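Trainee:
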Amino acid sequence: MGRIGDTFTKLQQKNEKALIPFLMAGDPNLELTKELVLTAEENGADLLELGIPYSAPLADGPTIQKAAQRSLAQGTNLTAIFKLVEDIREESELPLILMGYYNSIFSFGLEKFVKRCAEAGVDGVIIPDLPPEEGAELQELSTELDIILLLASTSNQTRIEKVTDLSSGFIYAVSTPGVTGARAELSTEVKKTVTKIKDIKDIPVAVGFGISSPTHAQQIGEFADGIIVGSAIIERIEKNLDLLERDKEELIAKVSDFISSLKEPLTKL
Amino acid sequence: MSKGKFGEFGGTYVPELLIPALEELAEAYDKYKEDQEFQDEFRYYLKEYVGRANPLYYAERLTKKLGGAKIYLKREDLNHMGAHKINNTLGQVLLAKRMGKEKVIAETGAGQHGVATATVAAMFGMDCEIFMGAEDVERQALNVFRMRLLGAEVRSITDGTATLTDAVDAAIKHWVENSEDTFYLLGSVVGPHPYPTMVRDFQSVIGEEAREQILAAEERLPDYLVACIGGGSNAIGLFHPFIDDEDVKMVGVEAAGLGVDTDKHAATLTKGEKGIIHGYKSYVLQDDDGQIMPVHSISAGLDYPGVGPEHSHLRDSGRAQYEAVTDQQALKAFQLLSEVEGIIPALESSHAIAYAQQLAPQLEQDQIIIVNLSGRGDKDVYSVADQLGVEI
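If you're matching them up, the sequences are chains R and E in order.
Per my numbering, residue 295 is the first one in the first sequence, and the count goes up by one each step.
Per my numbering, residue 219 is the first one in the second sequence, and the count goes up by one each step.
1) Between the alpha carbons of T482/R and I497/R, how many angstroms are there, rounded?
2) Given a limit of 8 Å on CB to CB distance, which residues of the region 431 to 465 of chain R reach chain E?
3) In its own chain, which residues sit with a C-beta less than 6 Å from the C-beta of Y276/E, not counting the 5 before and 5 after it?
4) Can you determine whether any heavy atom of the ligand FAD sits closer than 7 Å to the C-beta of A467/R, and answer yes or no?
5) Measuring CB to CB, does K251/E end up less than 8 Å from D419/E?
6) Would you please state the rounded distance, in angstroms, between the beta carbons of F224/E and E528/E? I believe it to be under 8 Å.
7) Taking the alpha carbon of E434/R as the point to measure from, which residue in S449/R, V473/R and L460/R has its own alpha carbon closest?
8) With distances taken Cα to Cα, identify the nearest neighbour of A374/R among T357/R, K328/R, D519/R and D440/R.
9) Taking Cβ-Cβ distances below 9 Å as the criterion, which residues of the region 477 to 502 of chain E are in contact with chain R?
10) Specify the secondary structure class of V419/R as computed by DSSP and reduced to three states.
11) How far does the beta strand (DSSP E) with D381/R in it extend, from its first residue to its last?
12) Less than 8 Å between the CB atoms is what I'm expecting for A578/E and H411/E, so what's the real figure, rounded?
13) Is there a C-beta anywhere in chain R that falls below 8 Å from the one on L404/E?
14) Closest to A380/E by C-alpha separation, out of E356/E, T335/E, F363/E and D258/E, would be which residue?
15) Give me the subset of the region 387 to 411 of chain E whose CB atoms are less than 7 Å from a CB atom of chain R, sorted by chain position.
16) Interface residues of chain R around Y247/E at Cβ under 7 Å?
17) Strictly below 8 Å CB to CB, what residues from chain R border T383/E?
18) Using DSSP with H/G/I as helix, E/B as strand and the rest coil, what is G269/R?
19) Thinking just about the alpha-carbon of each residue, which of M344/E, D345/E and N361/E is nearest to the one in G351/E?
20) What separation, rounded to the nearest whole angstrom, lies between the Cα atoms of E395/E and F349/E?
21) Any idea what DSSP makes of E472/E, helix, strand or coil?
22) For Q359/R, is the classification buried or exposed, using 16 other Cβ atoms within 10 angstroms of its Cβ as the cut-off for buried?
23) Please list the terminal residues of the continuous beta strand (DSSP E) segment that includes E325/E.
24) Per the DSSP calculation, Y275/E is bridged to which residue(s)?
25) Give a yes or no on whether the C-beta atoms belonging to L274/E and L555/E are separated by under 8 Å.
26) What residue does the beta strand (DSSP E) around F349/E start on, and which one ends it?
27) Whole angstroms are fine: how far does the CA of I516/E sit from the CA of E609/E?
Right, here's the structure in full:
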């Protein structure tokens with residue numbers, strides 16, 4: 295078992311749920327991303343998703359789309375992101391998951407991508423526009439790399455069985471139909487999907503999309519093994535971008551305070 | 219097992235949330251494709267509402283002027299609302315009704331597909347929302363007004379380059395959230411399965427008619443089929459019924475914009491690399507990191523960085539060839555056809571005319587070219603006047 299599986303096992307033993315923050319690599323620059331990753335770990339992140347910026351992100355709402363644009367404006371690409379992961383790995387064993395669109399990976403080359411993931415220390419990959427039907431080639435190449443697939447509250451039983459069978463590391467259950475983005479109200483409809491997955495296979499299930507407050511974290515933490523929070527964290531980066539030059543530490547503190555507030559309810563379940 | 223492949227191209231590269239909606243659509247299409255009542259209804263409205271069959275017109279003056287092969291024009295510009303787009307929107311709206319959907323959404327570039335969607339939505343009393351790049355909203359004010367007249371809501375998209383590709387993204391995202399009661403009426407042979415197959419089937423009426431008409435007029439098949447390509451629906455509609463006629467050469471004409479060696483063109487099959495865009499694998503105009511590149515064409519309908527996956531397959535298999543003509547060549551063809559035949563073609567179709575202009579003189583006088591005149595040019599007169607330095 296890799297870092298991802300180990301982490302979920304350890305959390306289970308402690309009766310804790312996983313906090314999985316999402317950061318867009320290179321938003322607003324790669325140096326800051328590295329600092330944000332390391333402080334996120336200190337403040338309760340158990341695993342971390344790093345976004346590969348893409349120009350046409352079909353599954354993302356405006357917050358993450360804008361973060362991708364800020365990152366692309368810096369010229370961020372996969373080559374630079376692997377270098378970032380290598381830098382992080384010098385200081386941290388935090389499980390790292392790359393989240394990106396298939397064209398970025400296809401264009402980089404599947405074999406090269408899998409090889410670089412292993413060399414740099416990437417543990418898993420989430421590709422929202424690569425359903426299992428199209429993912430056979432990557433599945434075959436990825437013996438070490440966890441391929442984390444997505445399921446939704448609208449997925450039917452056949453679909454749940456198929457995706458659960460092919461997913462490794464954990465399953466990403468989408469809380470609400472739509473694209474990523476912070477939401478005021480969160481449906482717990484996805485709980486049924488989590489239960490169905492657990493009936494099929496003993497695999498951790500993390501829920502994402504829309505989670506934006508400690509209250510949400512608490513609600514989802516009741517039934518899922520982890521929560522994924524992206525847009526709500528990125529909103530805090532976006533809102534405080536003016537601090538980047540003036541008071542970088544303050545910017546990092548605003549993000550890490552929020553991260554630690556999300557972790558708190560996940561330790562008391 | 220992956221479905222909807224053309225060689226290695228096509229497929230279903232979409233977020234999991236869209237899978238149930240696409241499966242529902244594919245299932246419904248498979249069912250009604252074979253349903254005689256559905257097909258009869260489709261044919262009935264093509265005849266009575268669209269006005270088909272439209273003529274395959276022998277362009278005698280153009281032929282004489284170019285001094286080579288005989289040129290026939292397939293007059294899709296004479297369809298109700300002035301373009302080939304309605305063949306597809308009619309087919310899809312009939313399917314949407316049978317699937318019990320109440321709303322249709324669509325993306326549009328030139329506005330032709332938006333108008334064609336708003337038209338059939340009005341006719342069948344369905345709610346309609348059109349996603350259009352902000353830049354296109356500006357370039358195609360006339361079509362925007364048409365859509366609003368037809369009762370559609372036009373949503374102007376300012377993301378990215380604010381053109382067709384961004385409108386597609388926005389429409390797909392909207393569909394992800396609303397697929398239960400909403401039918402996404404995609405306008406070309408692009409997108410995830412089953413769209414490339416379904417849209418091709420609805421557009422194949424173009425080639426079916428042309429084949430019969432040319433056999434009636436000349437008692438033989440044509441030597442060349444020429445059609446412009448953005449996503450590629452009018453081209454595949456003309457080509458498909460001739461695919462097994464190996465002596466019929468097929469040429470798709472892309473937009474070279476300011477030139478294929480500049481960074482302002484939309485010649486996907488000429489300059490693109492294999493990639494994934496809008497849910498399907500095909501040739502794509504992208505940079506070294508796989509980011510979709512901004513594209514340019516004088517014609518909003520060809521301004522698209524992807525291309526229908528079946529065209530990518532036809533290119534790689536050698537069954538069809540793909541050429542590119544520039545904005546300037548298309549403009550000249552626009553004027554030529556207006557002056558010589560009294561037909562004002564759409565700027566999109568003018569690309570096909572421009573290529574036929576190069577091709578015809580190289581051929582013998584007993585050879586035959588069919589050019590798909592995919593739409594009429596009324597919508598383009600303002601931008602053409604602007605290009606020619608004329609104030610209206």
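No residue lacks a Cβ here, since even glycine has one placed at the ideal position from N, Cα and C.
From a predicted model like this one, the values you see are computed outputs, not experimental measurements.
Mentor: In this structure, then:
1) 20 Å
2) L443, L444, L445, A446, T448, S449, N450, R453 and V457
3) Y290
4) Inclusion of the ligand FAD in the displayed structure is not the case, the ligand content being empty and no account of it being possible.
5) yes
6) Their Cβ separation, rounded to whole angstroms, is 4 Å, which keeps F224/E and E528/E in contact under 8 Å.
7) Answer by Cα proximity: L460/R.
8) K328/R
9) E491, K492, G493, I494, I495, H496, G497, K499 and V502
10) Taken through DSSP and simplified to helix, strand or coil, V419/R comes out as strand.
11) No beta strand (DSSP E) contains D381/R, which is instead part of the alpha helix (DSSP H) from L372 to R383.
12) The pair is not a contact, with the Cβ atoms about 38 Å apart (cut-off 8 Å).
13) Answer no: the Cβ-Cβ gap between L404/E and chain R never drops below 8 Å.
14) Taking only the C-alpha atoms, the option nearest A380/E is E356/E.
15) D387, I390, K391, V394 and E395
16) Those do not exist, as Y247/E stays about 18 Å from chain R at its closest Cβ, beyond 7 Å.
17) By Cβ distance, chain R contributes A350.
18) Lying before the first or after the last residue shown, residue 269/R is absent from chain R, which here runs from 295 to 563.
19) N361/E
20) Distance between the alpha carbons of E395/E and F349/E: 15 Å.
21) Collapsing the DSSP output to three states places E472/E in a strand.
22) With 16 or more Cβ atoms within 10 Å of its Cβ, Q359/R is classed as buried.
23) K321 to T326
24) DSSP lists L291/E as the bridge partner or partners of Y275/E.
25) no
26) D345 to G351
27) Between the C-alpha atoms of E609/E and I516/E there is a straight-line separation of about 18 Å.
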